[in-house]
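Chains as they are written, first to last, in the numbering used here: chain U, 51 to 533; chain H, 303 to 700.
Spelled out as C-alpha cells, the structure:
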C-alpha cells in the first residue's frame, strides 16, 4: 500500500486545509497529515474560533449586566454558568472542525492522523513523509473510519503548514495550570480572581477581555511602550483607554521577570526599567508571541534555511531551500494570521499548477476582537511618516454616527489615510463597534486601488455603522457632512 | 513639454504606441527612451527631449496619427529621491486595477500600461485583458522551479517582487492575435508584389573558394570585411551591365536609375528591415561594411530612421543567415529585382575533369518579367557569379 500523491500537506490548520482543498480542485491527488484528530489547527481548535465564541458569549453577559438598564431592560443581575458557556464554545468548534472533515471527504483528500516527519527524497525524486502512530480516516462508507495507514507516504511535493506555538517566558515555563498559553486560557473552569496577561498583543487583549467581562481582575503587562505594537498608534491608544474604562489594568514598558508559587496562587515579579514590583495572581497568561512549529518535523535536520527570527525562508513560489518542500502560514515571515495562511496556501498550490497567483500582502487586514473592536488595512500613519509618503488623514467619530448612537455603542472612530497628491487610499484604521466587519469595505477599496473620493462617492445605507467610513473619507477633503 | 508621435517618413501617417518604457509618473532623464512606437516600416524609440516627470496620456496599444500628443514631461517636477523602502511602492500613481484584473494581467505577463482600459477614466476592466499577450509582446517566461539556492531573506513575496508567469498548458485549439501594423503592412506589400508584378525567379550557383581565400588574405593584413560588400559591388557592376534590373515601371514608362541605391535585408525580431545603401557605386568595400554595421546597431537601438529605408532601386536579401539553401525572394515594389543569397555549403563539383570540394552558394534572382527579359536576368546573375569567382576582379576592388 504505497500510493503516490501529487502533494502531501502537513498540518490541517487554516493554511494547510485550504491549500489541500484548492490543490484537489486543481486536480492534484492530495494527502494531509494532521496530528490532531480534529481538523482546523490552532485557529479552529484553540485560537480564532473558540476565542470568538467566548468573546461573543462574554460580551452578551457583560451587556446584560452593564448595558441592559440603559436600554430600559431591568433584569436581575445575570448569573454565569461557565460550564455551559464553555460547552457552547466546544460545540461551535466541533461543528466547524467536522465541517472541514466534510470538505476533505467532498474533495477526496486522504487524511492521515499522526505526526509527520520529512525523510528526504527517494531515488526517483519523490518526497518521503513518515507518519508516526498513523491511522487513516477513511470516508469510504459515508462515516469516518480509522483504518491502518501506511507509515511512509510518497509525494511529488510537500507543503509544510504546521503553524506556530506560543513562546514561553524565558524564566517561567508553561505548566498548563497557573502559567498558561491561550489554549488553556480558553478553558478555565473557574473565573480567575486575578489574571495577569504577559503581552499586550491581540491574543492577550482578547482573552483578557473575556475574563474581565466575566468578572476577573485583569492586568496586562506589555514590554513595549504601547499595546498592539504594529497598529496605528491613535487606534492603539484609543483602544487602551477604552479597555481601561472597562477595568483592565495596564502596565506598559513592563516585563514579567519571575514567579513565586504560593499554593494555587503566585506572586509575580515585574520590572519596568528602573522600577520593579510584584503582584499576586492566580493565573498567568503568557501571550508574548508565537514561533514556527518545526520541532520533530525533520525539516531542520534536512537543512531547511531559516531567517534570523527562525522563520522558514521561501521563494516567490513558497518553496523552501529544499527542492520540492514548500512552506506557508506562520512558518514563513509576515503576520501570523489565519487568513494570511489561507491565502498563501491557495497561492502556493495555484503556482504549483502553473498559475500566476500572488498574495497581495499590502491589502492584508488585521483585527483585534476586543470591544470596541480594532481593525486595520494598509499603512499606519507612523509607517507613512517613516517612508516620507505625503498623505492626508480623515477621521470620523462614531459619536456622530446615528446607528452607533442607537446601539449605544458610540466608542471609537474611523481614520482614512490617502496619498496627498493622488488621493489613493493608503490605509484605513477603525476602532469601534463591529470594526471587524467594517474593515471589509476598506480592504475592497484598497485592493481596487480606490481613492478617498471613491469612498466618499459611494452609497452607504442609512443608518449603518459603515457611514462612518464614508464620513472619514469625506473629512479627508474637509467635506464631512456630519463632522 | 509634449511628447508626440514624430514625423518618421513621407508615407507614414499613423503609428502604434507599442509600449511605454517608463511608467506614468516616473521621472525621466533627458535622452532616455520613454516609449516605443511601431509603424508599418519601422520600430523606434522616442527619447525624452528634456528631463522631467512623465505623464502618460495615451495607453500602450493605441494607434495614433503622426503628431498626436501621447504624453507630457513636466520639467518643473523635482526628481524624487531613490526609493528607500517598499512603502514607496504605493507612492507611485499607477493605473488603478482590481485584484482580478491584476491576476489576469499576470497570467499573460503584461502590466497595466500595456492594456487599454475601457472602463470609466480608462480603467482596465477584466474584459479588457486578453487571454493571450498582445502580438509583439515578449511574454515573460514562466517561473521555473526555483533552484534550492534561490531564497528570500526578508519579506514574504510581494506583488511587485513576484514573477509574472504563463499557464503551464495553453488552452487547446487555436489562438487569435491581431496583426501589428508592421505585420499587416508586410502582408499587404508581399501580396501586392505577387499580384502586380510578373515575378519570376532564376537561379545559379557561385563557387566562393576564391572569395573566401581573398577574404582570408585581407583579414591577415588587417583589412577584413564581411561577405555582403563583395556581393554589393558585384551587383552594382551587374546592374550597370543590365540597367533594366535597376529600373522601375511608372505607368507606361520605364524609369532607369543612374544611381544604385541597394537595399540590404536585415532580419530583426520584429520583422525584416531593409535599410538602403545610398549610391553603393561610390562606396568601397570597407565603407559598405561599416554602413551595414551601422544599420545593425541602429536597429538594435531602435534608432533606424525612415530615411534609412527609402529610395532603394534594387535589393539583396540573404536567406543564408537562417540557413536557407535555396529560396525565391519577393520583389519589393516598385523595384524590379531582388537577389537572394543563401547558405554556403561545401559540395562536390567538377573542375578540369576532377571532382573537387568547393564552397558553393546558390543565387536566386527574382525579377519583374514585364521589363526584364529572361536573357537579361540570367546574364545578370551570371555576371555576379563570374565576378565573385574571379580572383583578379576581387583583387582589383577598392
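Don't be surprised by glycine CBs; every beta carbon is placed ideally from N, CA and C.
Small disclaimer: the values here were computed from a predicted structure and weren't measured.
For residue 519(H), which of helix, strand or coil comes out of DSSP?
helix
So what's residue 315(U) in DSSP terms, helix, strand or just coil?
strand
If we call anything under 8 Å between Cβ atoms a contact, is residue 55(U) one with residue 92(U)?
no
CA-CA distance, residue 300(U) and residue 164(U)?
42 Å
The stretch 621–639 of chain H in contact with the stretch 592–606 of chain H per 3-pair CB rule at 8 Å
no
Please state whether DSSP places residue 368(U) in a helix, a strand or coil.
coil
What's the C-alpha gap between residue 617(H) and residue 642(H)?
9 Å
Cβ-based burial, residue 707(H) [other Cβ within 10 Å; buried from 16]:
Beyond the ends of chain H as shown, which are 303 and 700, falls residue 707(H); an answer cannot be given.
Alpha-carbon to alpha-carbon, residue 408(H) and residue 389(U):
22 Å
Using 8 Å as the threshold, is the C-beta distance between residue 72(U) and residue 400(U) below it?
yes
What's the C-alpha gap between residue 454(H) and residue 371(U)?
Per-residue confidence for residue 454(H) stands at a pLDDT of 36, beneath the threshold of 50, marking its modelled position as unreliable; no derived number is given.
At a CB distance below 9 Å, what residues from the stretch 398–427 of chain U approach chain H? Give them in sequence order.
401, 403, 404, 405, 406, 407, 408, 409, 410, 411, 412 and 413
Do residue 683(H) and residue 506(H) have their C-beta atoms closer together than 8 Å?
yes
State the start and end residues of the unbroken alpha helix (DSSP H) segment that holds residue 115(U).
98–116
Just to make sure I have the definition right: I need the residues of chain H whose C-beta is within less than 7 Å of the C-beta of residue 78(U). Which are they?
In chain order: nothing, as chain H lies at least about 13 Å away.
Given residue 369(U) as reference, the closest of 108(U), 94(U) and 355(U) once Cα atoms are compared
355(U)
By the 8 Å beta-carbon criterion, what residues does the stretch 483–498 of chain U contribute toward chain H?
497 and 498
Cα-Cα separation, residue 693(H) to residue 699(H)
10 Å
Is residue 61(U) close to chain H, meaning its C-beta is less than 8 Å from at least one C-beta of that chain?
no
On the CB-based measure, 16 or more other CB atoms within 10 Å of its CB, does residue 493(H) come out buried or exposed?
exposed
is_contact[residue 477(H), chain U] using C-beta, thresh 8 Å:
no
Contact criterion: CB-CB distance below 8 Å. Does residue 47(U) meet it with respect to chain H?
Because residue 47(U) is not part of the residues shown, which for chain U are 51 to 533, the question remains open.
Helix, strand or coil at residue 64(U) according to DSSP, with G and I counted as helix:
coil
Any idea if residue 61(U) is buried or exposed, counting beta-carbon neighbours within 10 angstroms, 16 or more meaning buried?
buried
Test item: CB-CB of residue 168(U) and residue 378(U) under 8 Å:
no
So, is residue 118(U) buried or exposed, given that buried needs 16 or more other C-beta atoms within 10 angstroms?
exposed
Is it buried or exposed, residue 523(H), if we count other Cβ atoms within 10 angstroms and call 16 or more buried?
exposed
Would you kindly report the start and end of the unbroken beta strand (DSSP E) that includes residue 128(U)?
Residue 128(U) -> no beta strand (DSSP E), and no H or E assigned at all.
For residue 308(U), collect the residues of the same chain with a Cβ closer than 6 Å to its Cβ; drop the 5 residues on either side in sequence, then sort them by chain order.
221 and 319
How should residue 229(U) be labelled, buried or exposed, when 16 other C-beta atoms within 10 angstroms of its C-beta is the threshold for buried?
buried
First and last residue of the uninterrupted alpha helix (DSSP H) at residue 408(U)
Per DSSP, residue 408(U) belongs to no alpha helix (DSSP H) and is neither H nor E.
Could you check which residue in 455(U), 418(U), 453(U) and 517(U) has the C-alpha nearest to that of residue 445(U)?
517(U)
Mind checking which residues open and close the alpha helix (DSSP H) that includes residue 401(H)?
401–410
heavy atom of the ligand PLP below 7 Å from residue 394(U) C-beta:
By its list of ligands, the structure shown contains no ligand whatsoever, and the ligand PLP lies outside what it can speak to.
Sort 403(U), 428(U) and 500(U) by Cα distance to residue 77(U) and report the nearest one.
403(U)
Hey, could you find the ends of the alpha helix (DSSP H) residue 295(U) is sitting in?
283–295
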